[in-house]
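A.B. asks: Sharing a structure below in structure tokens format, with a few things to ask.
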Amino acid sequence: MAVSRRVVLRFPRSLVDQPIVSKLIRDYNLDFNILKASVSPREEGLLVLELMGQSKDFDKAMAYLTEAGVVTQPLSRDIRRNEQRCTDCGACVVMCPTGAFEVDEVTRKVLFEDTKCIACELCLLTCPPRAMELTF
Amino acid sequence: MPKTIAEINEKIRKGQAVVVNAEEVVEIVKKMGMSKAAQEVDVVTTGTFGPMCSSGAYFNVGHTKPKIKLGGGRSYLNDIPVYTGLAAVDVFLGATAIPDDDPRNKVYPGHFNYGGGHVIEDLVAGKDVRLSSTAYGTDCYPRKKLDTWINIKDMNQATLFNVRNAYQNYNIAVNVSDKMIYTYMGVLKPNLGNANYCSAGQLSPLLNDPYYKTVGIGTKIFLGGGVGYVAWQGTQHAPDSLRGDNGVPKRGAGTLAVIGDMKQMSPRYLVGTSFLGYGCTMTVGIGLPIPILSEEILQYTTVTDDEIFAAVIDYSDAYPNYKPDILGEASYGQLRSGKIEMDGKEIPTAALSSYPRALEIANTLKEWIKKGDFALTDPVELIPGVEQGVTFKPLNERPVEEK
Ligand code: SF4
Ligand code: SF4
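Taken in order, these protein sequences are the chains called S and P.
Read in order, the letters of the first sequence are residues 1 to 136 in my numbering.
Read in order, the letters of the second sequence are residues 1001 to 1403 in my numbering.
Encoded structure:
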């Protein structure tokens, strides 16, 4: 069965410069999109990937990552914006750690790019009209 | 030649009035020059859409059979307490009211998911709300309990009455402490992590009429998606606030009290709003038409975001402790660029009031006037200006001695 899943990968410092992802893609026949990549001040790596491939390959790939010492976490929760409730104020722009919100320079409307969202949930309670919603 | 409101209304009635919004007027004056533009342009429309806590509404819910006197007892709309110290079935609901059993900040920061502003939004959306009351009962009002659904269309009056709206300018809020703080200006991250501001800037009503030359009691406005009126100066009206060379206040200054029939308003422009760790409020949409009666009045409407400044204030200390200190100033042009600089540090900025919706309001008002649906009113009296000596004082506390 073909699947497409979003996963959060946390790399301890010792693994940051290892070719783990290239091995993952090569050996398990997965396609991927990088949704977010960053290295924290403590030099831990954070990678959010969308992985596409066969279900059994995906499971094997996750097992490989765990064994290699990468902490994996499915991005099963999804953050959506209720477009009816969003007032385009912009309060969320400074709250989001991944820069998923951007103000259009011309219209000043607040654009939400959900592929950048890692479902950290920080915007949920800080959006004044509560336009950001969590779905499972 | 200066125009009068009656002359402008004559043109509005004929569908010939030249109406532009406060953004468009800037280009027009650049192209035509001030004096030609003052002849051409009849009305400049403004708009603002932001959280405004001193908002509320009063209702006459109609008499029950047998009758009940709500005053002296307790009444709630969707569990939000309303003020009943009026005649039998008149109640007042404030935008920041919250349920008696809301945990508030006991679990810090409190969520404040539903309050008075949300009830107002639900009512104008046409939703039924629950009115529950207890009363003490009298010979003329014997009933002691009431629990019913009620709809805005069944009320005798549902009147929005906001005692302070449309602040002429506002603070830019930052946090210099090392812990996160939760304020009515939003979540402020430690060590100047963000700077939040709240004004429509160049589109904002009173920033386009900085000396209140046209706005006063009875001025007809766009309010909450319908028609409303300026009722009075707003609370904390402070015309004596610090102004720039262009006359535009650089701090919070003038305010308006506004009133209007809620039955013709819309949930798009009255939005229940929650501030984490602070409370509930309501985001209100207001549009003020400015009649171009003279070149001077036109000149004021051409103000741009780069010419309007506000003060950066520390909400971890200066604001709560009522200290006059400011950390600096920034223009709305800078704020809208996404960051401001303070002491060589770049601070990301966020707005709490929506510029796109303020523009939508200014444009809606423009269309109403152009179509001849909305005539201007001559105010009965202008709101107090700098020369009237109205000031904004702190409370003079005089400790009460126990006898
Ligand atoms: S804070 Fe909420 S309402 Fe404001 S722009 Fe962001 S999502 Fe929209
Ligand atoms: S949940 Fe909200 S704040 Fe967190 S990453 Fe997604 S959009 Fe940004």
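Don't be surprised by glycine CBs; every beta carbon is placed ideally from N, CA and C.
Counting only the same chain and skipping the five closest in sequence on each side, list residues whose C-beta sits under 6 Å from that of Val21(S).
C.D. replies: Position 21 of the first sequence holds residue 21(S). Same-chain partners within the cutoff: there are none.
A.B. asks: Whether or not the stretch 1138-1151 of chain P and the stretch 1063-1075 of chain P are in contact is what I'm after, with contact meaning three or more pairs of Cβ atoms, one per stretch, closer than 8 Å; do they touch?
C.D. replies: Because the criterion of three Cβ pairs below 8 Å is met, the stretch 1063-1075 of chain P and the stretch 1138-1151 of chain P touch.
A.B. asks: Once you ignore the five residues that flank Tyr28(S) on each side, which residues in its own chain have a CB closer than 8 Å to its CB?
C.D. replies: Position 28 of the first sequence holds residue 28(S). These residues qualify, in order along the chain: Gly53, Asp57, Phe58, Lys60, Ala61, Tyr64.
A.B. asks: Can you tell me whether Ile1172(P) sits near ligand 2, meaning its C-beta is under 8 Å from at least one heavy atom of the ligand?
C.D. replies: Mapped onto the second sequence, residue 1172(P) falls at position 172. No - ligand 2 has no heavy atom lying nearer than 8 Å to the Cβ of Ile1172(P).
A.B. asks: Assuming Gln1334(P) is part of the alpha helix (DSSP H), what are its boundary residues?
C.D. replies: Here residue 1334(P) is taken as the residue at index 334 of the second sequence, counted from 1. Looking at the DSSP string, the run of the alpha helix (DSSP H) that includes Gln1334(P) is 1332-1336.
A.B. asks: Can you check which of these residues, Ser1132(P), Asp1122(P), Ile1172(P), is closest to Ile1340(P) by C-alpha distance?
C.D. replies: Numbered from 1 along the second sequence, position 340 holds the residue referred to as residue 1340(P). Closest by alpha carbon: Ile1172(P).
A.B. asks: Taking the runs of the beta strand (DSSP E) that are 3 residues or longer, which of them lie wholly in the stretch 1367-1392 of chain P?
C.D. replies: Runs found: none.
A.B. asks: Hey, does Arg81(S) have any beta-carbon neighbour from chain P nearer than 9 Å?
C.D. replies: Within the first sequence, numbered from 1, the residue matching residue 81(S) stands at position 81. Judged by the 9 Å Cβ criterion, Arg81(S) is not in contact with chain P.
A.B. asks: If you run the structure through DSSP and keep just helix, strand and coil, what is Lys1339(P)?
C.D. replies: As a first step, residue 1339(P) is located in the second sequence; it is residue number 339 there, counting from the start. Correct three-state label for Lys1339(P): strand.
A.B. asks: Use the C-beta contact count for Glu1023(P): other C-beta atoms within 10 angstroms, 16 or more gives buried, fewer gives exposed.
C.D. replies: Sequence index remark: in the second sequence, residue 1023(P) carries index 23 (1-based). Buried: at least 16 other Cβ atoms inside 10 Å.
A.B. asks: Inspect the beta-carbon positions of Gly1050(P) and Ser1331(P) and report whether they are closer than 9 Å.
C.D. replies: Here residue 1050(P) corresponds to residue number 50 of the second sequence, with the count starting at 1. Here residue 1331(P) corresponds to residue number 331 of the second sequence, with the count starting at 1. Contact: no.
A.B. asks: I want to check one thing, is the minimum distance from the CB of Ser1075(P) to the heavy atoms of ligand 1 below 8 Å?
C.D. replies: As a working mapping, residue 1075(P) is identified with position 75 in the second sequence. Incorrect: Ser1075(P) has no Cβ contact closer than 8 Å to ligand 1.
A.B. asks: Is the shortest distance between the beta-carbon of Asn1396(P) and the beta-carbons of chain S less than 9 Å?
C.D. replies: The residue you call residue 1396(P) lines up with position 396 of the second sequence. Closer than 9 Å: no.
A.B. asks: Tell me, which residues are paired with Cys123(S) by DSSP?
C.D. replies: Along the first sequence, one-based indexing puts residue 123(S) at 123. Cys123(S) pairs with nothing; no bridge assigned.
A.B. asks: Take Gly1279(P) as the anchor and find which of Asp17(S), Cys86(S), Thr126(S), Thr66(S) has the nearest alpha-carbon.
C.D. replies: Here the question's residue 1279(P) lines up with position 279 in the second sequence. Of Asp17(S), Cys86(S), Thr126(S), Thr66(S), the residue nearest in Cα terms is Thr126(S).
A.B. asks: Ignore the nearest five residues each way along the sequence and tell me which others in Val1025(P)'s own chain have a CB closer than 7 Å to its CB.
C.D. replies: Taking the second sequence and counting its residues from 1, the one referred to as residue 1025(P) is at position 25. Cβ neighbours of Val1025(P) beyond the five flanking positions: Val1041, Val1044, Thr1301, Thr1302.
A.B. asks: By the 10 Å Cβ neighbour count, where 16 or more other Cβ atoms means buried, how is Arg1336(P) classified, buried or exposed?
C.D. replies: Taking the first residue of the second sequence as position 1, residue 1336(P) is located at position 336. Result: buried.
A.B. asks: According to the neighbour-count rule (16 or more other Cβ atoms, all chains shown, within 10 Å of its Cβ), is Glu1401(P) buried or exposed?
C.D. replies: By 1-based counting over the second sequence, the position of residue 1401(P) is 401. Exposed is the call here.
A.B. asks: Can you give the beta carbon distance from Ala1310(P) to Tyr1170(P), rounded, assuming they're within the 8 Å contact cut?
C.D. replies: As a first step, residue 1310(P) is located in the second sequence; it is residue number 310 there, counting from the start. As a first step, residue 1170(P) is located in the second sequence; it is residue number 170 there, counting from the start. Between Tyr1170(P) and Ala1310(P) the Cβ distance is about 6 Å, and since that is below 8 Å, they are a contact.
A.B. asks: Rounding to the nearest angstrom, what Cα-Cα distance links Thr1283(P) and Phe1112(P) in this structure?
C.D. replies: Here the question's residue 1283(P) lines up with position 283 in the second sequence. Here the question's residue 1112(P) lines up with position 112 in the second sequence. Thr1283(P) and Phe1112(P): Cα-Cα distance of roughly 15 Å.
A.B. asks: If contact is defined by three or more beta carbon pairs under 8 Å, each pair taking one atom from either stretch, is the stretch 1314-1329 of chain P in contact with the stretch 1264-1281 of chain P?
C.D. replies: The stretch 1264-1281 of chain P, when compared against the stretch 1314-1329 of chain P, does not touch it at the 8 Å Cβ threshold.
A.B. asks: Please name the residue, chosen from Val1187(P), Val1020(P), Thr1046(P), Lys1366(P), that lies closest to Gly1110(P) on a Cα-to-Cα basis.
C.D. replies: Indexing the second sequence from 1 puts residue 1110(P) at position 110. Taking only the C-alpha atoms, the option nearest Gly1110(P) is Val1187(P).
A.B. asks: Does Ala91(S) get closer than 9 Å to chain C when you measure Cβ to Cβ?
C.D. replies: Reference to chain C is not applicable here, since the protein chains of this structure are S and P.
A.B. asks: Taking all protein chains shown into account, do 16 or more other C-beta atoms lie within 10 angstroms of the C-beta of Thr1004(P), making it buried, or fewer, making it exposed?
C.D. replies: Taking the second sequence and counting its residues from 1, one reaches residue 1004(P) at position 4. The residue is exposed, with fewer than 16 neighbouring Cβ atoms inside 10 Å.
A.B. asks: My parser needs the beta strand (DSSP E) runs of 3 or more residues fully inside the stretch 1041-1129 of chain P; what are they?
C.D. replies: 1043-1045, 1048-1051, 1056-1060, 1074-1077, 1080-1082, 1090-1094, all fully within the stretch 1041-1129 of chain P.
A.B. asks: Closest Cβ-Cβ distance between Ser971(P) and chain S: below 9 Å?
C.D. replies: Because chain P here runs from 1001 to 1403, residue 971(P) falls outside it and cannot be looked at.
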